[in-house]
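J.:
Given below as structure tokens:
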């Protein structure tokens, strides 16, 4: 039985899974931490692949979702978060030389979009926006059933849209990007600052917060926490209204840890989209939903990529 | 010799041209004003088509570029500017019933993008952003050699991105859109307000200005006019940096009357893009240029659409 080996190289863990070529049910999954144990990262990765390798000659292709900027055409990891020294690593070439099967590589947010489109919340939609709201904000776009990659494969950076010129500093060095206003750390930082200004809240006023803390306090009706989610939803809605004008998509899928705040984030987000679209025609048939595949989205997207490419 | 009849229905004039199916040189072009002369608009249009019709049985298809929101899939003009009463006109169906050939319809800014990609400044590029800066700001996007249409065909509204929340009112009813900051009327209005505040300029302080006036004064080194173009270029650059993050395109083509301000607008625009991209990788191989086809872009795009569809 021919199989694909699919890898998801995340910031904290690497997963490897075997899938029969026509199936979405893995026959084997192995996880290891991303951080090294003295063995060079490429060796750890090839050891992991060898470990899940089902039997000689049984693997038709390898698919990889990886965090960080990468070149999906050449198969080069430009920079891998949490893997010291992984700069411009020709991963595709390395794995093809080692294992003698075709290797396909994609950015993890793009792969999550592809996974949700093929196997998750976006099934049946041809025009899809996937946005992951977590430590950062990333995304992926499906246009006419195709993943949007762009000239060099860097497309879909949905968190790096200027929402407030001269606003708070973004991790990328620019100001006022959506990521600097509505990511998990941005939500927590805003709440911390409000606490420092003396706003009453059940949140602890000393120590650092997380968006999860804010989410829990909001569930208990804490006004400051509710305001923090409402503010993030407001900015997310401005960005998503822009994206609907640009892409005229039929579904928006929200992933990442912050999306688990659920209704208390998504309701103000929806209100903000409705307030900001230039015509209700851009919004009134649009589905807004959370991701269905959770942590598996990137893996399932790399599977979808591999099935599409290797199956040609 | 089989021919296509191509129409461009603009706000002020309607053009009809005949092209041999494999050619981009028209054998005949006829123009009429868009505004009626007592004859119903659909009748004027069919009369125009009949007038350019080369000979019985010689027409393989009709292609139409039209201003205003429309449904390119169903071929319905949702609202035509300057044609009173043209609301939800099933133009495709009407023309197919009357002329018994396939009819293809596209939004004029989208068609201009397609025209520049196939026959103009964007030849050879696979990922293209076309932005027209005129009375309004519109656009069209080519992704992987395909025109981006979206679920209902409304994609590519590049002027309706929020750049300044709570900024000046846009024609669409929202605030702070790019169109409200950098279109021709927005540039002129800003200059008028500066004049009212007493800023010295060679521009006349009474009466209303146009962006063309501002452009001429800028060419003569007028500081207020230069500042007006620089400000517009700044906002355009913020929007275009966003679009490069989203699309990772290899070329940006600027069309419309305001783009004729040339260097004095485009230099600050380029500076602003460079200042606002999250990584220079998004910008350092990107061509920024003005449209090559001028007023013919929409017509040539409708030709490209018709060639692609009818030639299948």
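Chains as they are written, first to last, in our numbering: chain A, 26 to 337; chain B, 26 to 337.
Heads up, the beta-carbon is just placed ideally off N, CA and C, and yes, glycines get one too.
From a predicted model like this one, the values you see are computed outputs, not experimental measurements.
Please classify residue 222 of chain B as buried or exposed, where buried requires at least 16 other C-beta atoms within 10 Å of its C-beta.
T.: Exposed, because fewer than 16 other Cβ atoms sit within 10 Å of the Cβ of residue 222 of chain B.
J.: To the nearest angstrom, report how far apart residue 200 of chain B and residue 314 of chain B are at their CA atoms.
T.: Approximately 28 Å between the Cα atoms of the pair.
J.: Using a Cβ-Cβ cut-off of less than 8 Å, list which residues of the stretch 181-198 of chain B approach chain A; keep chain order.
T.: Cβ contacts with chain A: 181, 182, 183, 185, 186, 187, 188, 189, 190, 195, 197 and 198.
J.: Going along chain C in order, which residues have a C-beta closer than 8 Å to the C-beta of residue 308 of chain A?
T.: The structure shown contains no chain C; its protein chains are A and B.
J.: Are at least three pairs of beta-carbons, each pair with one atom in the stretch 130-138 of chain B and one in the stretch 90-97 of chain B, less than 8 Å apart?
T.: Cβ pair count under 8 Å is three or more, so yes.
J.: Which residues in the same chain as residue 320 of chain A place their Cβ atom closer than 8 Å to its Cβ, once the five residues preceding and following it in sequence are excluded?
T.: So no residue of the chain qualifies.
J.: Here's the rule I'm using: 16 or more other beta-carbon atoms within 10 Å means buried, otherwise exposed. How should residue 122 of chain B be labelled?
T.: Classification for residue 122 of chain B: exposed.
J.: Give the C-beta separation of residue 196 of chain B and residue 161 of chain B to the nearest angstrom, bearing in mind that I take them to be a contact with Cβ-Cβ under 8 Å.
T.: Confirmed, Cβ separation roughly 6 Å.
J.: List, in order along the chain, the chain A residues whose C-beta lies closer than 7 Å to that of residue 168 of chain B?
T.: Under the 7 Å cutoff, chain A gives 168 and 173.
J.: Counting C-beta neighbours from all protein chains within 10 Å, is the total for residue 208 of chain B 16 or more, i.e. buried, or is it exposed?
T.: It counts as buried.
J.: How is the beta strand (DSSP E) around residue 262 of chain B delimited, first residue to last?
T.: Unbroken run through residue 262 of chain B is the alpha helix (DSSP H), 248-272; no beta strand (DSSP E).
J.: Measuring only the C-alpha atoms, how far is residue 292 of chain B from residue 258 of chain B?
T.: So the two alpha carbons sit approximately 8 Å from each other.
J.: Are the C-beta atoms of residue 267 of chain A and some chain B residue less than 7 Å apart?
T.: Closer than 7 Å: yes.
J.: Tell me where the beta strand (DSSP E) around residue 44 of chain B begins and ends.
T.: Where residue 44 of chain B is concerned, the enclosing beta strand (DSSP E) stretches over 38-45.
J.: At what residues does the beta strand (DSSP E) containing residue 135 of chain A begin and finish?
T.: No beta strand (DSSP E) contains residue 135 of chain A, which is instead part of the alpha helix (DSSP H) from 133-144.
J.: What are the boundary residues of the beta strand (DSSP E) that residue 335 of chain A is part of?
T.: First-last for residue 335 of chain A: 322-335, but that is the alpha helix (DSSP H), not the beta strand (DSSP E).
J.: Please list, in chain order, all residues of the same chain as residue 58 of chain B whose beta carbon is under 6 Å from its beta carbon, the five residues on each side excluded.
T.: If we look at residue 58 of chain B and ignore the five residues flanking it on each side, its Cβ neighbours are 38.
J.: Have a look at the DSSP bridge pairing and note the partners of residue 26 of chain B.
T.: Residue 26 of chain B pairs with nothing; no bridge assigned.
J.: Measure the Cβ-Cβ separation of residue 212 of chain B and residue 264 of chain B and say whether it is below 7 Å.
T.: No.
J.: How long is the line joining the alpha carbons of residue 143 of chain B and residue 269 of chain B, rounded to whole angstroms?
T.: For residue 143 of chain B and residue 269 of chain B, the distance between alpha carbons rounds to 21 Å.
J.: Anything in the stretch 300-334 of chain B with a Cβ closer than 9 Å to a Cβ of chain A? List those residues in chain order, please.
T.: Correct list: 300, 301, 302, 303, 304, 306, 307, 310 and 311.
J.: If I measure Cβ to Cβ from residue 261 of chain B and keep anything under 6 Å in the same chain, skipping five residues before and after, which residues do I get?
T.: Correct list, in chain order: 207 and 294.
J.: Nearest to residue 150 of chain A by alpha carbon, out of B/175, B/328, B/229 and B/146?
T.: The shortest C-alpha separation from residue 150 of chain A is found at B/175.
J.: Suppose the cutoff is 6 Å on Cβ atoms and the five residues either side in sequence are ignored; what does the same chain contact list for residue 334 of chain B look like?
T.: Taken in chain order, the residues that qualify are 129.
J.: Between which two residues does the beta strand (DSSP E) containing residue 113 of chain B stretch?
T.: Counting along the chain, the beta strand (DSSP E) containing residue 113 of chain B begins and ends at 112-114.
J.: Between the C-alpha atoms of residue 186 of chain A and residue 192 of chain A, what's the straight-line distance to the nearest angstrom?
T.: Approximately 12 Å, taken between the alpha carbons.
J.: Residues of the stretch 265-289 of chain A in Cβ contact with chain B at a cutoff of 9 Å, in chain order, please.
T.: Within the stretch 265-289 of chain A, the qualifying residues are 266, 267, 268, 269, 270, 271, 272, 273, 274, 275 and 276.
J.: Got a sec, what are the start and stop residues for the alpha helix (DSSP H) residue 69 of chain B sits in?
T.: Residues 66-77.
J.: Tell me whether residue 33 of chain A is buried or exposed, calling it buried when 16 or more other Cβ atoms sit within 10 Å of its Cβ.
T.: Buried, by the Cβ-count rule.
J.: So what does DSSP say about residue 119 of chain B, is it helix, strand or coil?
T.: Three-state DSSP puts residue 119 of chain B in a helix.
J.: Per DSSP, residue 49 of chain A forms a beta bridge with which residues?
T.: Residue 49 of chain A is not bridged to any residue.
J.: Could you give the distance in angstroms between the alpha-carbon of residue 106 of chain A and the alpha-carbon of residue 316 of chain A?
T.: The straight-line gap from Cα to Cα measures roughly 23 Å.
J.: In chain A, what lies closer than 9 Å to residue 124 of chain B by C-beta?
T.: By Cβ distance, chain A contributes nothing, its closest Cβ being about 29 Å from residue 124 of chain B, past 9 Å.
J.: Check for me: the beta strand (DSSP E) holding residue 227 of chain A runs from which residue to which?
T.: From DSSP, residue 227 of chain A is part of no beta strand (DSSP E); its letter is neither H nor E.
J.: For the beta strand (DSSP E) containing residue 212 of chain B, name the first residue and the last one.
T.: Not the beta strand (DSSP E): residue 212 of chain B falls in the alpha helix (DSSP H), residues 209-221.
J.: Going along the chain, which residues of its own chain have a beta-carbon closer than 6 Å to the beta-carbon of residue 71 of chain A, five neighbours each way excluded?
T.: Here the set comprises 123.
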